[in-house]
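*Asks:* These protein sequence lines are chains A and B, in that order.
First residue of the first sequence? That's 1 in the working numbering, and the numbers climb one at a time after it.
First residue of the second sequence? That's 123 in the working numbering, and the numbers climb one at a time after it.
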Amino acid sequence: EVHLVESGGGLVQPGGSLRLSCAASGFTFSDHYMDWVRQAPGKGLDWVGRTRNKANNYTTEYAASVKGRFAISRDDSKNSLYLQMNSLKTEDTAVYYCARVAGTTSSGLDYWGQGTLVTVSS
Amino acid sequence: AIQLTQSPSSLSASVGDRVTITCRASQGISSALAWYQQKPGKAPKLLIYAASSLESGVPSRFSGSGSGTDFTLTISSLQPEDFATYFCQHFINYPHTFGQGTKLEIK
Chain A
1 EVHLVESGGG LVQPGGSLRL SCAASGFTFS DHYMDWVRQA PGKGLDWVGR
51 TRNKANNYTT EYAASVKGRF AISRDDSKNS LYLQMNSLKT EDTAVYYCAR
101 VAGTTSSGLD YWGQGTLVTV SS
Chain B
123 AIQLTQSPSS LSASVGDRVT ITCRASQGIS SALAWYQQKP GKAPKLLIYA
173 ASSLESGVPS RFSGSGSGTD FTLTISSLQP EDFATYFCQH FINYPHTFGQ
223 GTKLEIK
């Protein structure tokens with residue numbers, strides 16, 4: 001059974017940094033692209049970014065709102081996905097989900113973690 | 123960036139009703155669209171991918187259609203567990219934006 005479990009959320013001051021982790025199990029993690037999606041309290045879903053797999057050189061894509069501040073990485077040996085968040089702003093406050101990209105890049109996000117809450121506040 | 127506009131933003135319906143939610147893209151996205159269902163406090167669940175393909179395990183009362191700029195999600199006969207918020211998302215280019223959501227409530 002596929003499981004994705006996020007961790008690392010918490011309270012951080014504006015301008016601070018935080019690193020989220022996503023532990024994957026139940027599938028061949030190294031084969032899949034992986035996404036981060038966030039959801040501010042009471043708001044809709046906001047795509048954050050993507051990491052491709054080894055076959056595609058682990059290249060990444062980001063939303064304009066986080067580009068240059070956030071970095072997605074992965075460690076296939078640990079079946080883990082990461083989101084390094086720097087220069088955090090109050091508007092980055094959200095539940096952050098990791099999600100598996102299904103078989104093809106246009107097939108949607110077929111498994112999601114439970115989310116981890118990041119609160120940016122002084 | 124491509125914008126996705128869902129309509130309506132909210133909808134009241136009764137068990138047994140047929141419901142249609144629309145997602146319009148600001149430019150053509152072929153069939154690179156997915157639909158998700160989200161219940162309060164839970165992660166989204168994939169319902170439909172490639173505009174009209176039903177995800178494994180999703181009840182057949184859910185269906186998707188459309189291509190280009192106009193897409194629909196239809197629930198043929200609402201069940202109590204279907205009251206939730208629904209989102210569309212495109213995959214044609216980056217960023218993979220979501221629609222703003224449609225909240226489906228019990229009448």
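Where is the CB? At the ideal position from N, CA and C, for every residue including glycine.
(1) Within the 8 Å Cβ cut-off, does Gly-8 of chain A reach chain B?
(2) Give me, in chain order, the residues of the same chain whose beta-carbon lies closer than 6 Å to that of Gln-159 of chain B; leave out the 5 immediate sequence neighbours on both sides.
(3) Taking CB distances under 8 Å as the criterion, tell me whether Gly-15 of chain A reaches chain B.
(4) Classify Gly-132 of chain B as helix, strand or coil using the three-state DSSP reduction.
(5) Are Glu-227 of chain B and Ser-132 of chain B touching if we call contact CB-CB under 8 Å?
(6) Considering Ile-124 of chain B, what are the terminal residues of the beta strand (DSSP E) in which it resides?
(7) Comparing C-alpha positions only, which one of A:Lys-78, A:Glu-1, A:Pro-41, A:Asn-57 sits nearest to Tyr-33 of chain A?
(8) Which whole-angstrom value is the C-beta distance of Lys-67 of chain A and Pro-14 of chain A, which I expect to be below 8 Å?
(9) Check whether chain B comes within 8 Å of Leu-45 of chain A, counting only Cβ atoms and requiring the distance to be less than that.
(10) Considering only C-alpha positions, which residue in the set B:Arg-140, B:Ile-143, B:Ser-136, B:Ala-154 is nearest to Thr-104 of chain A?
(11) Would a check of beta-carbon distances place Ser-106 of chain A closer than 8 Å to chain B?
(12) Tell me the DSSP bridge mates of Arg-38 of chain A?
*Replies:* On the basis of the data shown:
(1) Here residue 8 of chain A refers to the residue found at position 8 when the first sequence is read from its first residue. Not an interface residue.
(2) The sequence position of residue 159 of chain B within the second sequence is 37, counting from 1. If you ignore the 5 residues before and after Gln-159 of chain B, its C-beta comes within less than 6 Å of the C-beta of Lys-167, Leu-169, Ala-206, Tyr-208, all in its own chain and listed in chain order.
(3) Indexing the first sequence from 1 puts residue 15 of chain A at position 15. No, its Cβ sits nowhere closer than 8 Å to a Cβ of chain B.
(4) Position 10 of the second sequence, counting from 1, holds the residue named residue 132 of chain B. Sequence check: residue 132 of chain B is Ser here, not Gly. Three-state DSSP puts Ser-132 of chain B in a strand.
(5) The residue labelled residue 227 of chain B in the question sits at position 105 within the second sequence. The residue labelled residue 132 of chain B in the question sits at position 10 within the second sequence. Contact flag set, yes.
(6) Here residue 124 of chain B refers to the residue found at position 2 when the second sequence is read from its first residue. No residue range can be given for Ile-124 of chain B, since it is assigned to no beta strand (DSSP E) and is classified by DSSP as neither H nor E.
(7) Mapped onto the first sequence, residue 33 of chain A falls at position 33. Closest by alpha carbon: A:Asn-57.
(8) By 1-based counting over the first sequence, the position of residue 67 of chain A is 67. By 1-based counting over the first sequence, the position of residue 14 of chain A is 14. Taking a contact as a CB-CB distance under 8 Å, the pair Lys-67 of chain A and Pro-14 of chain A does not count as one, their CB atoms being some 19 Å apart.
(9) As a first step, residue 45 of chain A is located in the first sequence; it is residue number 45 there, counting from the start. By this cut-off, Leu-45 of chain A is an interface position.
(10) Your numbering for residue 104 of chain A matches position 104 in the first sequence. Out of B:Arg-140, B:Ile-143, B:Ser-136, B:Ala-154, B:Ala-154 has the C-alpha closest to the C-alpha of Thr-104 of chain A.
(11) Residue numbering aside, residue 106 of chain A sits at position 106 when the first sequence is read from its first letter. Yes, its Cβ sits closer than 8 Å to a Cβ of chain B.
(12) One-based indexing of the first sequence puts residue 38 of chain A at position 38. A:Asp-46, A:Tyr-96.
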